[in-house]
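Report on one structure; see the data block that follows.
Numbering (my numbering), first residue to last: 1362 to 1548.
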């Protein structure tokens, strides 16, 4: 990867030896991409969700929601970042996971080259599959560098993507409850 970055910089007309700031750039860029931006490919949703616990008695049908899970990802179209907040919800049946693990699940997929819409879908699907949940959702609000710094340069634009699985795919009381909770004031 470092060799490819070096070739890229040279193809852009830069002399890496002449600029001391560029001397180690290929290695730094390769390390950042391998260990931070693309490390999600080396993790499974099961690893991200970690140890599962028995659901509390009589909790079936109740909504678990964690909001404002911060993430950074990379768009596969231009290799530019997008970052934002994910809101993740599920209804437990037999198994639950720790609240912090929901952020790990988001990062498991966010640390890949992925569209925002697919990120929401992958998180909702993984929750349904791994936890056996009958209802899951992932709602993402993000700032897309592709939209802000190139092309139309819409610096204030926010993008939104939603994905639902199971009972939350249908409009109904559970989905209205989810959106009512999301509308509550947050700090």
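Every residue, glycine too, gets a C-beta built ideally from N, C-alpha and C.
Item	Value
Assigned exposure category for residue 1402 - 16 Cβ within 10 Å defines buried	exposed
Backbone CA spacing between residue 1439 and residue 1505 [nearest angstrom]	11 Å
As assigned by DSSP and simplified to three states, the class of residue 1403	helix
Neighbourhood of residue 1549 by C-beta, 7 Å cutoff - its chain only, sequence neighbours within 5 removed	Any answer about residue 1549 is impossible in this case: the structure gives the chain only from 1362 up to 1548.
Spatially closest choice to residue 1472 from 1492, 1525 and 1409, by CA coordinates	1409
C-alpha gap between residue 1362 and residue 1424, whole angstroms	44 Å
Closest by C-alpha distance to residue 1467, when choosing among 1454, 1457 and 1450	1450
Closest residue to residue 1419 among 1457, 1448 and 1489 (Cα-Cα distance)	1457
First through last residue of the alpha helix (DSSP H) which encompasses residue 1543	1534-1544
Buried versus exposed, by CB contacts within 10 Å (16 or more), residue 1482	buried
Euclidean distance between Cα positions of residue 1415 and residue 1426	17 Å
Beta-carbon proximity of residue 1487 to residue 1406, cut-off 7 Å	yes
Nonlocal neighbours in the same chain, by C-beta distance under 7 Å from residue 1384, ignoring five residues either side	1377
Buried versus exposed call for residue 1550 [16 or more other C-beta atoms within 10 Å across all chains shown]	Nothing can be reported for residue 1550: it is not among the residues displayed for the chain, which extend from 1362 to 1548.
Euclidean distance between Cα positions of residue 1460 and residue 1452	13 Å
Helix, strand or coil at residue 1522 [DSSP, three-state]	strand
Which listed residue (1365, 1475 and 1536) has its alpha carbon closest to that of residue 1495	1536
Simplified DSSP state of residue 1413, which is helix, strand or coil	coil
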